[in-house]
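Heads up: the sequence shown is residues -21 to -1, 1 to 300, going by mature numbering (1 follows the signal peptide of the UniProt record, and there is no 0). Glycine included, every Cβ here is placed at the ideal spot set by N, Cα and C. Since the model is a prediction, treat every value here as computed from it, not as a measurement.
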Amino acid sequence: MKFAIAATLTLACTVANVAFASDAGFPDHLLTIVVPTAPGGGNDGMARIIAQKMSSELGQSVVVENKPGASGAIASAYVAHAKPDGYTILFGYIATHAINPAIQKVSYDPVNDFSPIGEVATSPTLLVVNDAVPVKTVRELIAYSKKPGANLNYASAGTGTAPHAAGELFKLVTGTVMQDVPYKGSAPAMMDTIAGTTQVMFPSLFTGAPQIESKRVRGLAVVGEKRSPLFKNLPTLKELGIDVSVDQWYALFAPAKTPAPIIDKLNVALNDALKDPTVAKKFVEQGATVESSTPAALGSLVKTDLAKWKKVVAATHMRPN
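Pasting the structure below:
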């Protein structure tokens, strides 16, 4: 019995020492940030900026791998089931960890299957319309939608995405009459809104800003807590007396059970990267604001937003398309 106990203790100490040695040597090879959207979009752009800076901070190459589809569920499930060693990281956001899991069954648990690393940025949602829609204000849009023959459609980036959730919440609160038309991403949704195939969209700031500036669509409001410094004349919906706000957030996650020392090292590298003025400048150019946090704070944010969107889904009866 004594021999068995001694052997068990020896084994436990050996495992602990190996784990400690592994954590202490982290990282010793290439890391991958998995992005749930296609190359070229705002999420991809931010992830590549962060990857480059974290490479310098960690002393190892950090590359981006795109796994688009299913409103972020494909990439999220991939990372959730990856080896918890810190080398495979998810560039997650509000859709992957709050909205999509609240709407439909996904093959991962947004809380229990991940170890939060830290927030990266936030970006408000916008309300835009095709230039041919005969409205100049949000109130005019609501009234126009109820007229016979208006037949308004709003483009979303797919079920469970922020543009979809913002549209359904807006309809619930305002009584606006319009139909969701889901696309496989924000880019095609925006292109059809510009073309007039769909008439309304709730894009992120970095998706909508270039189109507003080029007058390809008309901005009506910011669907967030604050006005955007890029469009100071656009009111928030709350300023207009409409209690709808969808601020999009972006963050890094590792698989659950990733050792705490590794998570801490990744958090430090991420936050140091976010302190670089050039990173903040590049984010602003894409319509995002740098937002750093601790792993614990990000974990709390996920739980809070998941609970919020479960209530919204129940109230709006949002369903997968």
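Going by DSSP, E44 is part of no alpha helix (DSSP H) but of the beta strand (DSSP E) stretching over 41 to 45. Residue nearest to L219 within the set V263, V152, T268 is V152 (criterion: CA-CA distance). For S135, the enclosing beta strand (DSSP E) has its first and last residue at 132 to 135. Proximity to S40 across A30, A49, K46 peaks at A30, based on C-alpha coordinates. The criterion of a C-beta distance shorter than 8 Å is not satisfied by G139 and A17. For the 8 Å CB-CB criterion, M33 and A248 form a contact. In this structure, L9 is the residue among D171, A166, L9 with its C-alpha nearest to the C-alpha of G65.
Just measuring C-alpha positions, the residue of D23, K287, P189 sitting nearest I12 is D23. An exposed status is given to K126, since fewer than 16 other beta-carbon atoms sit within 10 Å of its beta-carbon. Secondary structure at D159: strand, using DSSP grouped into helix, strand and coil. Ranked by Cα distance from L106, the first of F210, V292, M25, N246 is F210. Contact between Y87 and Y229 does not hold, since their C-beta atoms are separated by about 18 Å, which reaches or exceeds 8 Å. Listed in chain order, the non-local C-beta contacts of G48 below 6 Å within the same chain number zero, local neighbours out to five positions each way being set aside. In the three-state scheme derived from DSSP, where H, G and I count as helix and E and B as strand, M25 is classed as helix. Spatial neighbours of A26 in its own chain (CB-CB distance under 7 Å, excluding positions within 5 residues in sequence) are listed in chain order as I12, V14, V43, F70.
Per DSSP, the unbroken beta strand (DSSP E) holding Q227 starts and ends at 226 to 234.
Proximity to F93 across V291, S279, A294 peaks at S279, based on C-alpha coordinates. Per DSSP, V292 is one residue of the alpha helix (DSSP H) stretching across 274 to 295.
Beta-bridge pairing by DSSP links F93 to P234. Within the same chain, and ignoring the five residues on either side of I191 in sequence, the residues whose Cβ sits closer than 6 Å to its Cβ are G198. By the neighbour-count criterion, in which a residue is buried when 16 or more other Cβ atoms sit within 10 angstroms of its Cβ, H143 is buried. The Cβ-Cβ distance between T104 and V202 falls below 8 Å.
Between the C-alpha atoms of F185 and S207 there is a straight-line separation of about 11 Å. Partner residues in a beta bridge of N212, as assigned by DSSP, do not exist. Excluding five sequence positions before and after A61, the CB atoms of its chain that fall closer than 6 Å to its own CB belong to T67, P234, given in chain order.
The Cβ atoms of N91 and Q178 do not sit closer than 8 Å to each other.
The C-alpha of A145 lies about 41 Å from the C-alpha of D2. By the neighbour-count definition (other C-beta atoms within 10 Å, threshold 16), P113 is an exposed residue.
Sequence-distant partners of A166 (beyond 5 residues in either direction) whose C-beta falls short of 8 Å from its own C-beta, in its chain, are A17, G19, G20, T186. Under a 10 Å Cβ-count criterion, E264 is classified as exposed, with fewer than 16 other Cβ atoms of the shown protein chains found around its own Cβ. Cβ contact annotation for E147 (same chain, cutoff 6 Å, sequence separation greater than five): T295, M297, in chain order. Leaving aside the five residues that flank Q158 on each side, the residues in its chain whose CB is nearer than 6 Å to its CB run, in chain order, N132. The C-beta distance from A168 to A134 rounds to 4 Å, short enough to meet the 8 Å contact threshold.
The continuous alpha helix (DSSP H) containing G187 extends over residues 184 to 192.
Where V196 is concerned, the enclosing beta strand (DSSP E) starts and stops at 196 to 202.
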